[in-house]
Each structure stands twice: as structure tokens, then as C-alpha cells.
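*Asks:* Under the numbering used here, think of the first position of the sequence shown as 222, with each following residue one higher.
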Amino acid sequence: MTQSIVITAEHASNAVPKSLPSELRARFAESGAVKALASHRGFDAGSLELARALARRFDAPLVAATCTRLVVDLNRSLHHRALFSSFMDGLDAPAREAIVDAHWRPHRERVERELTEALEQRRPVLHVAVHSFTPELDGDVRTMDVALLYDPQRPLEKALADRWLGAFATRRPDLVLARNRPYRGTADGLTTHLRGVWGPDAYIGIEVEINQRHVVSGRGGWQRLVADVVETLAEAEGRRDVRRH
222 MTQSIVITAE HASNAVPKSL PSELRARFAE SGAVKALASH RGFDAGSLEL
272 ARALARRFDA PLVAATCTRL VVDLNRSLHH RALFSSFMDG LDAPAREAIV
322 DAHWRPHRER VERELTEALE QRRPVLHVAV HSFTPELDGD VRTMDVALLY
372 DPQRPLEKAL ADRWLGAFAT RRPDLVLARN RPYRGTADGL TTHLRGVWGP
422 DAYIGIEVEI NQRHVVSGRG GWQRLVADVV ETLAEAEGRR DVRRH
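1) Whole-angstrom Cβ separation of residue 304 and residue 293, contact assumed at under 8 Å?
2) Does the segment 252–264 come into contact with the segment 233–241, if we say contact requires no fewer than three beta-carbon pairs (one atom in each stretch) closer than 8 Å?
3) Just reading off the alpha helix (DSSP H) that residue 339 is part of, what are its end residues?
4) Taking the straight line between their C-alpha atoms, what separation do you get for residue 453 and residue 423?
5) Rank 418, 340, 375, 351 by C-alpha distance to the C-alpha of residue 285 and give the top, closest one.
6) When you compare the CB positions of residue 369 and residue 386, do they come within less than 8 Å of one another, or not?
7) Identify every run of the alpha helix (DSSP H) within the segment 374–457, keeping only runs that are complete inside it and at least 4 residues long; order them along the chain.
8) Do you know how far the Cα of residue 276 is from the Cα of residue 440?
9) Can you tell me whether DSSP reads residue 268 as helix, strand or coil?
10) Where residue 279 and residue 313 are concerned, what is the direct C-alpha to C-alpha distance, given to the nearest angstrom?
11) When burial is assigned at 16 or more other CB atoms within 10 Å of the CB, is residue 345 buried or exposed?
12) If you run the structure through DSSP and keep just helix, strand and coil, what is residue 307?
13) Taking buried to mean at least 16 other C-beta atoms within 10 Å of its own C-beta, is residue 289 buried or exposed?
14) Since residue 254 is in the beta strand (DSSP E), which residue starts that stretch and which ends it?
15) Can you give me the start and stop residues for the alpha helix (DSSP H) that residue 245 sits inside?
16) Run through the DSSP bridge pairs and tell me what residue 354 is partnered with.
17) Is it the case that the segment 336–344 contacts the segment 370–390, given that we only count it when at least three CB pairs across the two stretches are under 8 Å?
18) Here's the rule: buried if 16 or more other CB atoms are within 10 angstroms of the residue's CB, otherwise exposed. What is residue 426?
And the structure:
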């Protein structure tokens with residue numbers, strides 16, 4: 222089943238926008254903030270590289286974050302308590318709204334625009350949101366290597382996840398694969414929001430989550446995993462030019 226594809230990466234960057242007021246930028250220059258920016262709190266390591274590889278392979282539009290989630294989290298709803306990090310504490314409502322208008326709304330609006338244009342050409346549209354996760358969080362060791370997050374109540378999403386994970390298991394039997402871990406595919410996020418915009422026959426939203434230990438393990442292993450993610454999706458999508466190792 223070949224369909225239009227749109228790629229996004231909501232946590233692609235750990236950049237602090239130059240447009241922020243000087244007092245806010247000063248907060249991010251402190252040692253604690255610098256450390257947070259370089260960690261999983263600041264961005265999803267490897268997600269931009271993987272998202273670019275997917276976009277190239279499928280000739281798909283890519284919408285990627287250009288600022289750190291510590292300023293505003295593009296994958297959270299406006300009402301979510303984690304929309305702003307603790308580094309933004311003390312901001313008044315107008316300042317918060319200005320940040321939303323500068324970064325959150327443009328990203329969300331561009332994603333919806335790309336999906337709308339894709340749907341005008343072919344239905345359904347596949348939205349792949351690329352993320353990565355820290356190997357350990359609050360003492361919890363995440364053993365999975367690759368996971369797909371989706372809504373199991375939406376048949377097209379479940380069917381694609383089945384095909385994609387099946388292709389992955391065949392290609393990489395050495396990896397631990399998972400569904401809806403370490404997060405639920407129906408939790409607050411961009412794909413969940415978009416399911417409310419388009420019905421299950423029009424929109425397929427899949428989040429791919431990669432364990433960050435692969436990103437830091439060495440270039441050879443990481444590059445192989447990037448290729449595996451891309452080519453197993455191609456196989457799941459029924460693309461005829463699947464590339465083998």
C-alpha cells in the first residue's frame with residue numbers, strides 16, 4: 222500500500238531562539254541549563270538525522286523543530302502542563318503567548334498544511350513523527366531498541382505497525398521491538414491532535430521511537446539502524462525498490 226507521506230520531528234533541535242528576551246536567554250547560559258540542553262531534556266538526539274533520511278527516501282516533506290523543547294514543547298497541547306519547562310517559570314501570559322505564536326503555532330500550522338496538501342493528492346496520508354528516548358529515566362531502564370506509537374483502535378495504524386514491525390523483526394532479529402512504549406500512542410501529542418482533525422480512513426499517525434543508546438554507540442551501528450528504519454518502512458509500504466544490506 223503506497224500512500225503520501227509527511228515526516229515531522231518535534232524535538233529535533235536544542236537551539237535557544239535568538240528572538241527570546243535577553244533575560245530568558247541568560248537563563249539558558251547557566252550551567253544547569255546548558256547541561257539540560259545537551260541531554261534528552263533539550264532534544265531527541267538522532268531524530269533530525271533519521272527524519273531527514275526518511276524524507277529523502279520517500280521524497281516527503283519534512284517539518285522539523287528549530288528550537289529546544291525547553292522553550293516550548295511542540296509535541297504538547299496548549300493546555301498541557303509540560304508545554305513550558307521549568308526554565309520558563311515566571312513568564313507572564315503575554316510572554317508565553319508570544320513564544321507560542323513564534324514557534325508552536327507555525328510548526329503545527331505547517332504540519333497541517335502539508336497533510337492537507339498530501340490528502341488532496343491521495344488518501345490516506347501517512348504521518349511519521351520521529352522521536353528518540355533516553356535509555357534510562359528515573360531509574361527505569363528502557364530495554365526496547367525501536368518502538369512504534371499508534372492508536373490500536375484505528376485499523377490502518379495498527380495494520381501499518383504490524384507490517385513495519387514484522388519487516389523489522391525479519392531484518393533485525395537482534396533488536397528488541399515494542400508497541401506503544403515507552404509512551405502510549407494515544408497520549409497527548411501532535412498525532413493525537415491530528416486524529417481529531419482527520420478520520421481513521423484519511424490520517425495514519427505513527428510515532429517512531431529510537432533508543433538513544435544507538436545514537437551514541439558509534440557511527441556504524443547508528444547509520445545501520447537509520448537505514449533499517451527507512452527500508453523496513455519501505456517494505457511495509459510495499460515499495461518495490463527495498464534496499465538490502
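Note that the Cβ used here is the ideal one computed from N, Cα and C, for glycine as well.
This one's a predicted model, so the numbers in the text were calculated from it and none came from an experiment.
*Replies:* Taking the coordinates as given:
1) Taking the first residue of the sequence shown as position 1, residue 304 is located at position 83. Taking the first residue of the sequence shown as position 1, residue 293 is located at position 72. The pair is a contact, with the Cβ atoms about 6 Å apart (cut-off 8 Å).
2) Yes: the two stretches touch, three or more of their Cβ pairs being nearer than 8 Å.
3) For the purposes of this step, residue 339 is identified with residue 118 of the sequence shown, where counting begins at 1. Here the alpha helix (DSSP H) through residue 339 covers 326–342.
4) The count along the sequence shown starts at 1 and reaches residue 453 at position 232. The count along the sequence shown starts at 1 and reaches residue 423 at position 202. In this structure, the CA atom of residue 453 is about 22 Å from the CA atom of residue 423.
5) Start at 1 with the first residue of the sequence shown, and residue 285 comes out as number 64. Closest by alpha carbon: 351.
6) Taking the first residue of the sequence shown as position 1, residue 369 is located at position 148. Taking the first residue of the sequence shown as position 1, residue 386 is located at position 165. The Cβ-Cβ distance between residue 369 and residue 386 falls below 8 Å.
7) You should have 376–392, 411–418, 434–437, 440–457.
8) Sequence index remark: in the sequence shown, residue 440 carries index 219 (1-based). Sequence index remark: in the sequence shown, residue 276 carries index 55 (1-based). Looking at the two C-alpha atoms, the distance is approximately 20 Å.
9) Indexing the sequence shown from 1 puts residue 268 at position 47. Reduced to three states, the DSSP call for residue 268 is helix.
10) Your numbering for residue 279 matches position 58 in the sequence shown. Your numbering for residue 313 matches position 92 in the sequence shown. Cα to Cα, residue 279 sits roughly 43 Å from residue 313.
11) Counting from one through the sequence shown, the residue named residue 345 turns up at place 124. Residue 345 comes out buried.
12) Here residue 307 corresponds to residue number 86 of the sequence shown, with the count starting at 1. Three-state DSSP puts residue 307 in a helix.
13) Your numbering for residue 289 matches position 68 in the sequence shown. Flag for residue 289 reads buried.
14) Numbered from 1 along the sequence shown, position 33 holds the residue referred to as residue 254. Where residue 254 is concerned, there is no enclosing beta strand (DSSP E), although the alpha helix (DSSP H) it sits in stretches over 252–259.
15) One-based indexing of the sequence shown puts residue 245 at position 24. It spans 243–248 - the alpha helix (DSSP H) in which residue 245 sits, taken as one unbroken run.
16) Numbered from 1 along the sequence shown, position 133 holds the residue referred to as residue 354. Residue pairing from DSSP places residue 354 in a beta bridge opposite 432.
17) Flag = no, the segment 370–390 and the segment 336–344 do not touch.
18) Locating residue 426 in the sequence shown gives position 205, counting from the first residue. Using a 10 angstroms sphere on the CB of residue 426, the tally of other CB atoms reaches 16 or more, which defines it as buried.
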